[in-house]
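J.:
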Amino acid sequence: MDVTFESRAEPCTIGCRDGEPVLFAGLRAGLTLPYDCATGTCGMCKARVKSGEVETLWPDAPALAKLQRDKGDILMCQARALSPCVLRVPGQVACEGTRVLPDYDQGRITSVRALTSDVLAFDLTLAAPLAFAAGQFAVLSVPSLTGGRAYSMVNFADTSSVLEFVVKKRAGGALSDWLFARDRTGELLGLFGPLGRATFRPGEDRNLVCIAGGSGIAGIVSILEHASASGHFARHGARVFFGVRTLADGFYLDRFDRLVAGSNWALEVVLALSHENSSQPVHPEYPRIKLAHGFVHEVADARLPAACENVSAFVAGPPPMVDGAIRMLIGHGVASASIRYDKFG
Ligand code: FES
């Protein structure tokens, strides 16, 4: 099915597969379409149907509430074409031919492990290696569930046939319910990716500030692994603020501990506890990790210098946390163009 994207640039026409979200078809074709979450939460992929017929794949997608649906507005990540159609997209849409384009794949779940009482990690083993950048994510799907959920890759390698993911148990979260119901080792998951522009580029001559809530830390771990492997910490500092509810909710602390040790203290990691006031300044088991009380963006606000210079910032987590962190960073002098973020609803 042909879909034409009109914007302030030349119109682009691409072919959609049966049932495929028009956003995914456009990204597969290399178009620079606007999106953040790719799963119906943020509203960034808004477009207006000029002609043709589209169907909404997930009628309860939270971001639909932000649209003027009576005027033909749709979420491209939640719309499939039922006929050839023309969509009007804000901004300029161009074709990027050089970067790695997302595509469909599937993999088998291996090595499931519990990180806390409500956080699981697992590996997804693909038949062929996938190239991805540190900080990118993929939309994972289960054949028996409608739609997909976005998860960031935790590991980093230029290409890898093993992708590491972390999932927090969420009430009513279909994929998390499915994963936590029993041991899913050996089961198949569909994947669309890699996605996301909140990526780390090792050539950047900048210090890093990373702020994440809960499982939003996944992509930050990948960024730090890449920064460490590329020698970034020999020239630049990095400050990581990781928000969880209590000390028992922290995970990947062994990895952070190793990264801090390997950075010769160029990397600072602060675990922000929103629901527990520890009397200790550092983690009892991992003393290279500092402790603080409060919401993660408030903790970062109190500890960052009034004027942050030469900084690239990465923010990941639930939308209110991300919005609060972005406002705080701008207040500390970080240019909005230097803040990359992923919102996971
Ligand atoms: Fe479609 Fe976020 S990208 S709602």
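Sequential numbering of the sequence shown, starting at 22, is according to the working numbering.
From the three backbone atoms N, C-alpha and C, an ideal C-beta is built for every residue, glycine too.
#1: With a threshold of 8 Å (Cβ to nearest heavy atom), would Met-174 be considered close to the ligand FES?
#2: Within the continuous alpha helix (DSSP H) that includes Asp-344, where are the two ends?
#3: Between Gly-168, Phe-262, Ser-104, which lies nearest to Gly-61 when the distance is taken from Cα to Cα?
#4: So what's Gly-268 in DSSP terms, helix, strand or just coil?
#5: Just to check, is the beta-carbon of Gln-89 closer than 8 Å to a non-hydrogen atom of the ligand FES?
#6: Check whether the Cβ atoms of Phe-335 and Val-265 lie closer than 9 Å to each other.
#7: Excluding the 5 residues flanking Thr-131 on each side, which residues of the same chain have their C-beta closer than 6 Å to its C-beta?
#8: Given this structure, state the Cα-to-Cα distance separating Ala-135 from Gly-338, to the nearest angstrom.
#9: Would you say the beta carbon of Ala-219 is closer than 8 Å to some non-hydrogen atom of the ligand FES?
#10: Given that a residue counts as buried once 16 or more other Cβ atoms are within 10 Å of its Cβ, and exposed if not, what is Pro-215?
#11: Here's the rule I'm using: 16 or more other beta-carbon atoms within 10 Å means buried, otherwise exposed. How should Lys-11 be labelled?
#12: Who pairs with Glu-14 in a beta bridge, going by DSSP?
#13: Please list the terminal residues of the continuous beta strand (DSSP E) segment that includes Arg-109.
#14: Between the C-alpha atoms of Gly-315 and Asp-39, what's the straight-line distance to the nearest angstrom?
#15: Ignoring anything shorter than 4 residues, give me the alpha helix (DSSP H) runs that lie fully in the region 287 to 329, in order along the chain.
#16: Is Thr-53 a contact residue of the ligand FES, with contact defined as CB to any heavy atom under 8 Å?
T.: According to the structure shown:
#1: No.
#2: Run containing Asp-344: 340 to 352, per the alpha helix (DSSP H) assignment.
#3: It is Gly-168 whose Cα lies nearest to the Cα of Gly-61.
#4: Note on residue identity: the sequence assigns Leu, not Gly, to residue 268. Correct three-state label for Leu-268: helix.
#5: Result no, Cβ not under 8 Å from the ligand FES.
#6: Cβ distance not < 9 Å, so Phe-335 and Val-265 don't count as in contact.
#7: Excluding sequence positions up to five before and after Thr-131, its CB lies within less than 6 Å of the CB of Asp-144, Thr-146, all in the same chain and listed in chain order.
#8: Ala-135 and Gly-338 have their alpha carbons spaced roughly 20 Å apart.
#9: No heavy atom of the ligand FES is found nearer than 8 Å to the CB of Ala-219.
#10: With 16 or more other Cβ atoms within 10 Å, it is buried.
#11: Because the chain in this structure spans residues 22 to 366, residue 11 falls outside the shown range and cannot be described.
#12: Outside the shown range of the chain (22 to 366) lies residue 14, about which nothing can therefore be said.
#13: Judged by DSSP secondary structure, Arg-109 falls within the beta strand (DSSP E) whose first and last residues are 106 to 109.
#14: Here the C-alpha atom of Gly-315 lies approximately 47 Å from the C-alpha atom of Asp-39.
#15: Within the region 287 to 329, the runs of alpha helix (DSSP H) that reach at least 4 residues and sit entirely inside it are, in chain order, 317 to 324.
#16: It does not: the Cβ of Thr-53 is nowhere closer than 8 Å to a heavy atom of the ligand FES.
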